[in-house]
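Engineer: Please read through the structure below; I'll follow up with questions.
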Amino acid sequence: MAEIAVSFLLEKLTTFLQNEVELLQGIPEDLEYIKDELQSLKAVLRVADSVRESNQELKVWVQQVREIAYDTEDTLDEYKLDVVNDHRHGLDAFLHQVCCFTKNLKAQHRIASKINGIKSRISNVSARRPNFDNNGTSEQGPSSIATVNPWIDRRGDALLLDSVDLVGIDNSKEQLVQWLVEGNSGRKVVSVVGMGGSGKTTLAKQVYDNTKVKKHFAVHVWITISHPLKIEELLRNMVRQLFDSIRKPVPQGVDDMDSFLLKMIIKGFLQQRRYLIVLDDVWHMNEWEMLDHALANNGRGSCVLLTTRNSEVASTSCIESEDKIFNLEPLSPDESWTLFCKKCFQKNSCPAELERHSRRILDKCEGLPLAIVAISGVLATKRRTVAEWETVYRSLGAEIEDNSRLINFKEVLLLSFNDLPYHLKSCFLYLSLFPGNHLIENMRLIRLWIAEGFVEAKEGKTQEEVAEDYLNELLNRSMIQIAGMTNDGRVKACRIHDLLREIIISNARDQNFVAVAKEQNATWPEKVRRLAIHSALANAQQNMNASHLRSFFVFDTGDPLSPSPTDTLIPNSCRLLKVLDLRAAPIENFPEEISNLRLLRYLSLRDTKITTIPSSIRKLQDLETLDLKHSQVSELPVEILKLRKLHHLLVYRYEFTSYSRFHSKYGFQALSGIGDLQSLQKLCFMDVNHDNALIIELGKLVQLRRLGITNMRKEDGKILCSSIEKLINLHALSIVSSVKEEVIDLQCLSSPPQLLQRLYLYGRLEKLPEWIPCLESLAVIYLKWSRLPNDALESLQNLPNLVHLELLQAVEGDTLRFKAGGFKELKLLGIDKFEGLRCIQVEEGAMPCLEKLSIQRCKLLERVPLGIQHLTKLKVLEFFDMPEELIMTLGPDANIPEVYYTYWRNGEWEVYSLEGSAENGRSISTESLQSRFK
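Oh and the sequence shown: position 547 is 547 in the working numbering, straight run, nothing missing.
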């Protein structure tokens, strides 16, 4: 995996030579030589990475190449720091250049010396490069490089399992069998998708061998896809299996045919027969596309059953109306326990004294069958003592790394990682920074990847959009899991399987890519580049060499109410730092040393007690993200306007008690000149403070994707509309008026941003702006304290993509009517504090997709909505502070799976199920309110 470091450096070298060559004074030639040598080593590294585990000499060679790449990157960054590049004019420029001449000259010589040393090292390493033949075997012979890999591909073992050894498969098997044998006469493609080790092949084989399936299809063929795919070899194998299945000789000359002729033979054979073909372990779209046209659509009800780790392959192969995708879910806790005991205790029950420890270890497996079988197999060889099993639990990462019984498990999970392109490998290894069971916010991750330089530039896309594509690809490949979704269907947070995380922590550490300190007195590589402190902060910082550090994270540093001195937070001499994430760190003052981190691109002080930002922040000229969300900062220094590369400026906090309050959002005082920050994509929340000139400047921020402003007055409306019309890239807009009764006037917005997806309006509306019903991209609308006329919502009912509508004192009147055919895509509806509301009517055909309905504080409402039985997809009905007698008017014909009634009492929510009793009520802490009342 040294290819990651080398590929990353090659891109950086190319950019550096283009932009800085005039300043290097003779050094470009040496850098070009280094670049050319590294380029020639890339192909060797790719092969070497696949065999180095079994050969110490090769492992050392790969490590040396990686260290050269890292040292070269350090030198380029030191150049940027040490060589002054300040373009001034006039006399000031002359005096400045004279003062800096000596400094620059020394820096040039020092860097030239380092580059010359790197050139010598790479010449030496290049001369010792291993030579491999086409099979990845060293041409220098076994005495030089041994290529024996201790792992043998055992994916085929899943085909040999007996049904008595399987757990939790029956329902899935029945569903797939039904899909295969029922339906119309067209060709069906059924895809089974899941992460490595989830049991896709096992399930497919049980379906393939099912008696009902065998009788239904005249021809059955099982094809396991090899990687890399050799298409002609695969097609010849398919031809042989097809003709063997009907006991006829294989056509002559098959061994000499090209892929086109082989496909013609296959298609001709299948044209006359009802067939089932299993394609096991399809990784890439091109693998499916190369086979698709050979698999005849013969009108006989034939089927292709495909297993894959890639959900994009599954969805693309299953595009016809009858095609199905089966997402393989993890085993349930009960199924996991049954499988664990079967494998660990040879079908006996677990000893009582080991059950708690067994279940803790089992939790790490997260229902992944291969993990359960592998881990239980290891435990079966251990002494059955609490101490022994506790040791396994605490050192599971080391166990996976060193225990020979877990080699197959580890390699199966790593197959997907090894198949990633280098830029996605970097992005995936980066996840090892986060603690186990940590929900990783996707926007945080995207901004971090960009700050690290992992995200390439693509024409027509922002880096954020490219990074989002990276995230989706990792999701599609089943490398990461969705941990949270927004109401409009966007990925909000992701996570990684616990055991896969243990594996990549080890790999990332070996690559000197990331080091994680999880306990006191933790150690890490001498030239650590990225460091995450998960606990025990004070001991973690002692005697640390941070001169090569690029990223520093702090998690779980102790009591947030006990402020720590900043010198224990930020390592000394980390001047190359690009990412500093001190989220929720126990600090009250802005650490002064941050201002000297001139290469910093990402700075997060979110959830800290910091109140002010110093003017010295102007030194951070490369800063792209400044995250002060939920800090105590309410003003920014004017020097912030010097940071022309800022993409994301987040300075706001929410304050909640129970329900939404009008004054619950606190942003920052607007700055005259904010229009100079023309790279901004997110600006939240800015207090416009009745400043017309400032509102005009917002129109200069044409890259904005999200804008949040507070303290709006009616007379500001026309100017704001003029500015918003220029923000053609805007996806989310939030406007809060100065007081609850102040009108938000947006009637003059004649050309609203057509990409707008989310609209939040907090304040009085004299009428609903006419442009809102015209925005077909709108997915989320919040109208709070609007007090619109009773019929105002009718104009929203035809919005084609509206999925979430939140209303607080939004309309006046005693009846709220949802008409037939309206709100066709709406999934979530919130109705809060409609003070005169007595009746809600739902006509048949209204809101056909509604899944969740929340009714709050409508004190005059006399009964549950009339026509609620028409909401056939309603899953959750919530009442907040509503009379119990109203709730009891819900008839049995409503057929709603979950009904809750909730009360705010003694500083917390008490939640009761309609089927439960008051004694079974459960509480919700105030921390959950941010998502409930945004």
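Idealized CB from N, CA, C, for every residue including glycine. Only a predicted model underlies this, so the values are computations on that prediction, with no experimental measurement involved.
State yes or no: is the C-beta of residue 361 within less than 8 Å of the C-beta of residue 389?
Structural biologist: Sequence index remark: in the sequence shown, residue 361 carries index 361 (1-based). Sequence index remark: in the sequence shown, residue 389 carries index 389 (1-based). Going by C-beta atoms, residue 361 is nearer than 8 Å to residue 389.
Engineer: Considering only their Cβ atoms, is the gap separating residue 711 from residue 734 smaller than 8 Å?
Structural biologist: Within the sequence shown, residue 734 is the residue found at index 734, counting from 1. Within the sequence shown, residue 711 is the residue found at index 711, counting from 1. Contact flag unset, no.
Engineer: Can we say the segment 423–443 touches the segment 400–411, given the rule of at least three CB pairs closer than 8 Å?
Structural biologist: Cβ pair count under 8 Å is below three, so no.
Engineer: Report yes if the CB atom of residue 813 is closer than 8 Å to the CB atom of residue 843, and no otherwise.
Structural biologist: Mapped onto the sequence shown, residue 813 falls at position 813. Mapped onto the sequence shown, residue 843 falls at position 843. For residue 813 and residue 843, no; Cβs fall outside 8 Å.
Engineer: Pull up the distance between the alpha-carbon of residue 806 and that of residue 822, whole angstroms please.
Structural biologist: As a working note, residue 806 is residue 806 in the sequence shown. As a working note, residue 822 is residue 822 in the sequence shown. Rounded to the nearest angstrom, the two C-alpha atoms are 16 Å apart.
Engineer: Find the nearest neighbour of residue 611 within the set 628, 497, 833 and 708, judged by alpha-carbon distance.
Structural biologist: Position 611 of the sequence shown, counted from the first residue, corresponds to residue 611. Minimum Cα distance to residue 611 is reached at 628.
Engineer: Is residue 984 helix, strand or coil by DSSP?
Structural biologist: Because the chain is modelled from 1 through 934, residue 984 falls outside the range shown and cannot be assessed.
Engineer: Whole angstroms is fine: what's the gap from residue 190's alpha carbon to residue 887's?
Structural biologist: Position 190 of the sequence shown, counted from the first residue, corresponds to residue 190. Position 887 of the sequence shown, counted from the first residue, corresponds to residue 887. Cα to Cα, residue 190 sits roughly 44 Å from residue 887.
Engineer: Count the other CB atoms, across all protein chains shown, that sit within 10 Å of the CB of residue 809; report buried if there are 16 or more and exposed otherwise.
Structural biologist: Within the sequence shown, residue 809 is the residue found at index 809, counting from 1. Classification of residue 809: buried, given that the 10 Å Cβ count is 16 or more.
Engineer: Counting only runs that start and end within the segment 285–351, where is the alpha helix (DSSP H) found for 4 or more residues in a row?
Structural biologist: The qualifying runs are 285–292, 311–317 and 333–344.
Engineer: With a cut-off of 8 Å on the beta carbons, I'd call residue 77 and residue 599 a contact; round off their distance for me.
Structural biologist: By one-based count along the sequence shown, residue 77 stands at place 77. By one-based count along the sequence shown, residue 599 stands at place 599. At roughly 6 Å, the Cβ-Cβ gap stays under 8 Å, so residue 77 and residue 599 are in contact.
Engineer: Go ahead and label residue 935 buried or exposed: buried means 16 or more other beta carbons lie within 10 angstroms of its beta carbon, across all protein chains shown.
Structural biologist: Beyond the ends of the chain as shown, which are 1 and 934, falls residue 935; an answer cannot be given.
Engineer: Is residue 891 buried or exposed, if buried means 16 or more other CB atoms sit within 10 Å of its CB?
Structural biologist: On the sequence shown, residue 891 is found 891 positions in, with the first residue counted as 1. Exposed, because fewer than 16 other Cβ atoms sit within 10 Å of the Cβ of residue 891.
Engineer: Tell me the start and end of each unbroken beta strand (DSSP E) in the segment 818–882 that is at least 3 residues and wholly inside, in chain order.
Structural biologist: The qualifying runs are 828–832, 839–842, 852–856 and 876–880.
Engineer: Taking Cβ positions, are residue 856 and residue 894 nearer each other than 8 Å?
Structural biologist: Position 856 of the sequence shown holds residue 856. Position 894 of the sequence shown holds residue 894. No, they are not a contact pair.
Engineer: Report the three-state DSSP secondary structure of residue 910 (helix, strand or coil).
Structural biologist: Residue mapping note: residue 910 aligns to position 910 of the sequence shown, counting from 1. Looking at residue 910 - three-state DSSP - the assignment turns out to be strand.
Engineer: Per DSSP, what kind of secondary structure is residue 447 in: helix, strand or coil?
Structural biologist: Sequence index remark: in the sequence shown, residue 447 carries index 447 (1-based). Residue state, collapsed to three classes: helix.
Engineer: Determine which residues share a DSSP beta bridge with residue 902 and list them.
Structural biologist: Counted from its first residue, the sequence shown places residue 902 at position 902. DSSP output for residue 902 lists 880 and 911 as bridge partner(s).
Engineer: Going by C-alpha distance, which of 116, 45 and 209 is nearest residue 219?
Structural biologist: Locating residue 219 in the sequence shown gives position 219, where the first residue counts as 1. Closest by alpha carbon: 209.
Engineer: When you compare each of 199, 645 and 787 to residue 463 by their alpha carbons, which one comes out closest?
Structural biologist: To locate residue 463, count along the sequence shown from 1; it is residue 463. With distances taken between Cα atoms, residue 463 lies closest to 645.
Engineer: For the segment 435–446 against the segment 388–407, do three or more pairs of beta-carbon atoms, one drawn from each stretch, fall closer than 8 Å, so that the two count as touching?
Structural biologist: No, they do not touch.
Engineer: For residue 381, count the other beta carbons within 10 Å of its own beta carbon; 16 or more makes it buried, fewer makes it exposed. Which is it?
Structural biologist: Your numbering for residue 381 matches position 381 in the sequence shown. Label assigned to residue 381: exposed.
Engineer: Leaving out five residues before and five after residue 740 in sequence, what residues of the same chain have Cβ atoms less than 6 Å from its Cβ?
Structural biologist: Translated into positions along the sequence shown, residue 740 becomes position 740. Within the same chain, residue 740 has close Cβ partners 662 and 785.
Engineer: Does DSSP classify residue 477 as helix, strand or coil?
Structural biologist: As a first step, residue 477 must be located in the sequence shown, where it is residue number 477. It is coil, neither helix nor strand.
Engineer: Report, in whole angstroms, the separation of the C-beta atoms of residue 650 and residue 680, which I expect to be a contact under 8 Å.
Structural biologist: Numbered from 1 along the sequence shown, position 650 holds the residue referred to as residue 650. Numbered from 1 along the sequence shown, position 680 holds the residue referred to as residue 680. With a Cβ gap of about 11 Å, residue 650 and residue 680 do not count as contacting.
Engineer: Between the beta-carbon of residue 550 and the beta-carbon of residue 576, is there less than 8 Å?
Structural biologist: Mapped onto the sequence shown, residue 550 falls at position 550. Mapped onto the sequence shown, residue 576 falls at position 576. A contact, by the Cβ cut-off of 8 Å.
Engineer: Could you tell me the boundaries of the beta strand (DSSP E) in which residue 734 lies?
Structural biologist: One-based indexing of the sequence shown puts residue 734 at position 734. From DSSP, the beta strand (DSSP E) with residue 734 extends over 732–737.
Engineer: Measure the CB-CB distance between residue 798 and residue 773 and report whether it falls below 8 Å.
Structural biologist: By one-based count along the sequence shown, residue 798 stands at place 798. By one-based count along the sequence shown, residue 773 stands at place 773. Contact: yes.
Engineer: Should residue 789 be labelled buried (16 or more other beta-carbon atoms within 10 Å of its own) or exposed?
Structural biologist: The residue labelled residue 789 in the question sits at position 789 within the sequence shown. Residue 789 should be labelled exposed.
Engineer: According to DSSP, what are the bridge partners of residue 224?
Structural biologist: What you label residue 224 is simply residue 224 of the sequence shown in a count that begins at 1. DSSP, once it has assigned bridges, lists 280 as partnering residue 224.
Engineer: Any idea which residues DSSP pairs residue 484 with across the strands?
Structural biologist: The residue given as residue 484 occupies position 484 in the sequence shown. Bridge partners of residue 484: 493.
Engineer: Report, in whole angstroms, the separation of the C-beta atoms of residue 197 and residue 371, which I expect to be a contact under 8 Å.
Structural biologist: The sequence position of residue 197 within the sequence shown is 197, counting from 1. The sequence position of residue 371 within the sequence shown is 371, counting from 1. Indeed they touch by this definition, with Cβ atoms about 6 Å apart.
Engineer: Tell me, please, which residues DSSP counts as bridged to residue 668.
Structural biologist: Here residue 668 refers to the residue found at position 668 of the sequence shown. DSSP output for residue 668 lists 686 as bridge partner(s).
Engineer: Helix, strand or coil for residue 708 per DSSP?
Structural biologist: Locating residue 708 in the sequence shown gives position 708, where the first residue counts as 1. Residue state, collapsed to three classes: strand.
Engineer: Are the beta-carbon atoms belonging to residue 333 and residue 199 less than 8 Å from one another?
Structural biologist: For this step, residue 333 is matched to residue 333 along the sequence shown. For this step, residue 199 is matched to residue 199 along the sequence shown. No, Cβ-Cβ distance for residue 333 and residue 199 is not below 8 Å.
Engineer: Which stretch, first to last residue, makes up the beta strand (DSSP E) that contains residue 255?
Structural biologist: If you number the sequence shown from 1, residue 255 lands on position 255. Run containing residue 255: none; DSSP gives neither H nor E here.
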